[in-house]
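Mapping of the sequence shown onto this note's numbering: position 46 corresponds to residue 1123, and the numbering continues sequentially without gaps.
Idealized CB from N, CA, C, for every residue including glycine.
Accompanying notes for the structure given below.
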Amino acid sequence: MLILVVGLILFLGAHSFRMLAPAGRDAALGKLGEGPYKGAYAVVSLIGFVLIIWGFGRTASDSAFLYAPPFWLRHVTELLVLVALILAVASALPPSHISRAVRHPLLIGTMLWAVAHLFVNGEVGTTLLFGAFLIWAVLDLVSQGRRPATAKAPPSWRFDIIAVVAGAVIYGLLVWRAHLWLFGVSPIA
1078 MLILVVGLIL
1088 FLGAHSFRML
1098 APAGRDAALG
1108 KLGEGPYKGA
1118 YAVVSLIGFV
1128 LIIWGFGRTA
1138 SDSAFLYAPP
1148 FWLRHVTELL
1158 VLVALILAVA
1168 SALPPSHISR
1178 AVRHPLLIGT
1188 MLWAVAHLFV
1198 NGEVGTTLLF
1208 GAFLIWAVLD
1218 LVSQGRRPAT
1228 AKAPPSWRFD
1238 IIAVVAGAVI
1248 YGLLVWRAHL
1258 WLFGVSPIA
């Protein structure tokens, strides 16, 4: 469990630096320069991500249950994950009507993904993992809401179509085989 916690601290900590210590982030950016700063950010994030995967793999099989989710929430989870993936794809594309309507699609998608997984997993390790991401996404969303909005190009329906199709394809691949192959659990079993 310690490896998972350290991974979460590193990964979410790196992604929270701007939110928690904007002056410290600006000072580090000014001192290191943009390239080295982004390199250090990427290394810390990658180490955290690897530790999350390793630590979660070690805790997933022997975690005690905190709660027993009702079976019917599986259907809600499937829908929430589909929407989360569409939002995640929309966040990586040029402006779309989705990203215009949902100001921070990646954060909202992360929240939906985390809630969806909390709906169907009651083990300590999974609750820690998805609960940490949910708390981080909510706090970051509040923090982002306090910052001035940046000007964006006009939205395009083309990018909405790409986001929906790509999100649905990723979802289909995850349901079909990828989730089982990557994480050892079939979402439809």
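field: Reference R1135; option with closest CA among L1079, I1185, I1212, P1225
entry: L1079
Selection from H1092, V1166, L1257, E1111 that minimises the alpha carbon distance to V1215: H1092
- request: Please classify F1142: does DSSP put it in a helix, a strand, or coil?
  value: strand
- request: Can you tell me the Cβ-Cβ gap for G1261 and L1162, rounded? I've got them flagged as a contact below 8 Å.
  value: The pair is not a contact, with the Cβ atoms about 20 Å apart (cut-off 8 Å).
message: So within the stretch 1122-1189, which uninterrupted alpha helix (DSSP H) runs reach at least 4 residues, ignoring any that extend past its ends?
response: 1150-1169, 1174-1178
- request: Could you please give me the residues that DSSP links to E1111 through a beta bridge?
  value: In the DSSP output, where bridge partners are listed per residue, E1111 has none listed.
- prompt: Taking all protein chains shown into account, do 16 or more other C-beta atoms lie within 10 angstroms of the C-beta of A1098, making it buried, or fewer, making it exposed?
  reply: exposed
- prompt: Taking the continuous alpha helix (DSSP H) assigned at W1258, which residues delimit it?
  reply: 1256-1260
message: So, under 8 Å CB-CB, L1184 and D1217 are touching, yes? Tell me the CB distance rounded to an integer number of Å.
response: 6 Å
- request: Spell out a yes or no on whether the stretch 1168-1183 and the stretch 1102-1120 are touching, meaning 3 or more CB-CB pairs, one atom from each, closer than 8 Å.
  value: no
query: Residues in its own chain within less than 6 Å of G1128 by CB, not counting five upstream and five downstream?
result: The identity of residue 1128 in the sequence shown is Leu, whereas the question assumes Gly. Once the five neighbours on either side are set aside, the close Cβ partners of L1128 are I1080, V1083, G1084.
query: Which same chain residues, not among the five before or five after P1232, have their C-beta less than 6 Å away from its C-beta?
result: P1172, S1173, H1174, R1177
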